[in-house]
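Residue numbers (our numbering), protein chains in the order written: chain A, 6 to 120; chain B, 36 to 150. Report on the following structure.
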Amino acid sequence: EAGVVQSPRYKIIEKKQPVAFWCNPISGHNTLYWYLQNLGQGPELLIRYENEEAVDDSQLPKDRFSAERLKGVDSTLKIQPAELGDSAVYLCASSLGPTPTRGYTFGSGTRLTVV
Amino acid sequence: DQQVKQNSPSLSVQEGRISILNCDYTNSMFDYFLWYKKYPAEGPTFLISISSIKDKNEDGRFTVFLNKSAKHLSLHIVPSQPGDSAVYFCAARSSASGGSYIPTFGRGTSLIVHP
């Protein structure tokens, strides 16, 4: 079974430029999460989807961040414009429902560097 | 204010000995706890979990203990192996009405197992 696939693995952009990350969850997983992980910190939730509906996006900075999950499968997270403080690892995770007993499956993440 | 705390940023143990990783939480609504393991340049992978109705859960070399009155849990790895060297994240979530299903992560503890 393929895991959660994220691309790109690494991205370096100049500040004020746009950037987009892509996530393909495990087949059949209706719940999808985008997390932000700063250096030395644990993952912090940005947004959670149940199928194509964003059900928890209170932590998403909506002035510059946007996300979509068309057809309830793949998802894209966008930042426009990027700021220096956005440098971090962006993790995507998926699960079968919001309370899986065996946890959430994470992708390898996209490491963003804003210069 | 951190609701899940891992106060030891790092831990070093000898191969074959026991590794004990600790985690404290402040939110009494948390009722499900998870441990994740993360290697460099990879996403976190699920290790073991425990429900608040239990005080112990075991899976091979890994055992998680939960002390609800102290709001404390610990992960024991016996015996420790060099391949266990990774960052370990503690996470907690609430399934109660009005609670969030979203897991809250600690900052992680870096475990190094010396051969």
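For each residue, glycine too, the CB sits at the ideal point set by N, CA and C.
Start-to-end residues for the beta strand (DSSP E) that takes in residue i
{"i": "residue 72 of chain A", "result": "70–73"}
{"i": "residue 37 of chain A", "result": "36–42"}
{"i": "residue 136 of chain B", "result": "Element bounds for residue 136 of chain B: n/a, residue is neither H nor E."}
Neighbourhood of residue i by C-beta, 7 Å cutoff - its chain only, sequence neighbours within 5 removed
{"i": "residue 93 of chain A", "result": "41, 42, 43, 117"}
{"i": "residue 75 of chain A", "result": "57"}
{"i": "residue 47 of chain B", "result": "147, 149"}
Proximity test, Cβ basis, 9 Å: residue i and chain B
{"i": "residue 66 of chain A", "result": "no"}
{"i": "residue 49 of chain A", "result": "yes"}
{"i": "residue 13 of chain A", "result": "no"}
{"i": "residue 107 of chain A", "result": "yes"}
Candidates the options, of which the one nearest residue i by Cα
{"i": "residue 97 of chain B", "options": "B:67, B:81, B:77", "result": "B:81"}
{"i": "residue 78 of chain A", "options": "A:71, A:70, A:38", "result": "A:38"}
{"i": "residue 84 of chain B", "options": "B:63, B:77, B:93", "result": "B:93"}
{"i": "residue 108 of chain A", "options": "B:125, B:145, B:142", "result": "B:125"}
{"i": "residue 14 of chain A", "options": "B:75, B:144, B:147", "result": "B:75"}
{"i": "residue 95 of chain A", "options": "A:32, A:101, A:25, A:21", "result": "A:25"}
{"i": "residue 102 of chain B", "options": "B:147, B:49, B:61", "result": "B:61"}
{"i": "residue 101 of chain A", "options": "A:16, A:36, A:20", "result": "A:36"}
{"i": "residue 81 of chain A", "options": "A:8, A:52, A:90", "result": "A:52"}
{"i": "residue 120 of chain B", "options": "B:148, B:51, B:113, B:137", "result": "B:148"}
{"i": "residue 89 of chain B", "options": "B:95, B:78, B:73, B:68", "result": "B:68"}
{"i": "residue 69 of chain A", "options": "A:21, A:86, A:61", "result": "A:86"}
{"i": "residue 65 of chain B", "options": "B:122, B:95, B:104", "result": "B:104"}
{"i": "residue 27 of chain A", "options": "A:120, A:112, A:18", "result": "A:112"}
{"i": "residue 23 of chain A", "options": "A:110, A:84, A:11, A:104", "result": "A:84"}
Beta carbon proximity, residue i to chain A, threshold 9 Å
{"i": "residue 148 of chain B", "result": "no"}
{"i": "residue 156 of chain B", "result": "A query on residue 156 of chain B cannot be resolved here, the shown segment of chain B reaching from 36 to 150 and no further."}
{"i": "residue 99 of chain B", "result": "no"}
{"i": "residue 88 of chain B", "result": "no"}
{"i": "residue 65 of chain B", "result": "no"}
Spatial neighbours of residue i in its chain, beta-carbon cut-off 6 Å, leaving aside the 5 residues before and after
{"i": "residue 139 of chain B", "result": "38, 39, 127"}
{"i": "residue 48 of chain A", "result": "40, 42, 96"}
{"i": "residue 109 of chain B", "result": "55, 57, 100"}
Residue-level contact to chain C via CB, residue i, 9 Å cutoff
{"i": "residue 96 of chain A", "result": "The question asks about chain C, but that chain is absent: this structure's protein chains are A and B."}
Cutoff 8 Å; reference residue i; Cβ partners in own chain excluding five residues on either side
{"i": "residue 59 of chain A", "result": "52, 53, 72, 74"}
{"i": "residue 117 of chain B", "result": "50, 148, 149, 150"}
* Can you list the beta strand (DSSP E) stretches of 3 or more residues lying completely in the stretch 39–98 of chain B, in chain order? -> 45–49, 54–60, 67–73, 80–86, 91–94
* Asked: Which ranges does the alpha helix (DSSP H) cover as unbroken runs of at least 4 residues, wholly within the stretch 95–121 of chain B, from first to last along the chain?
  -> none
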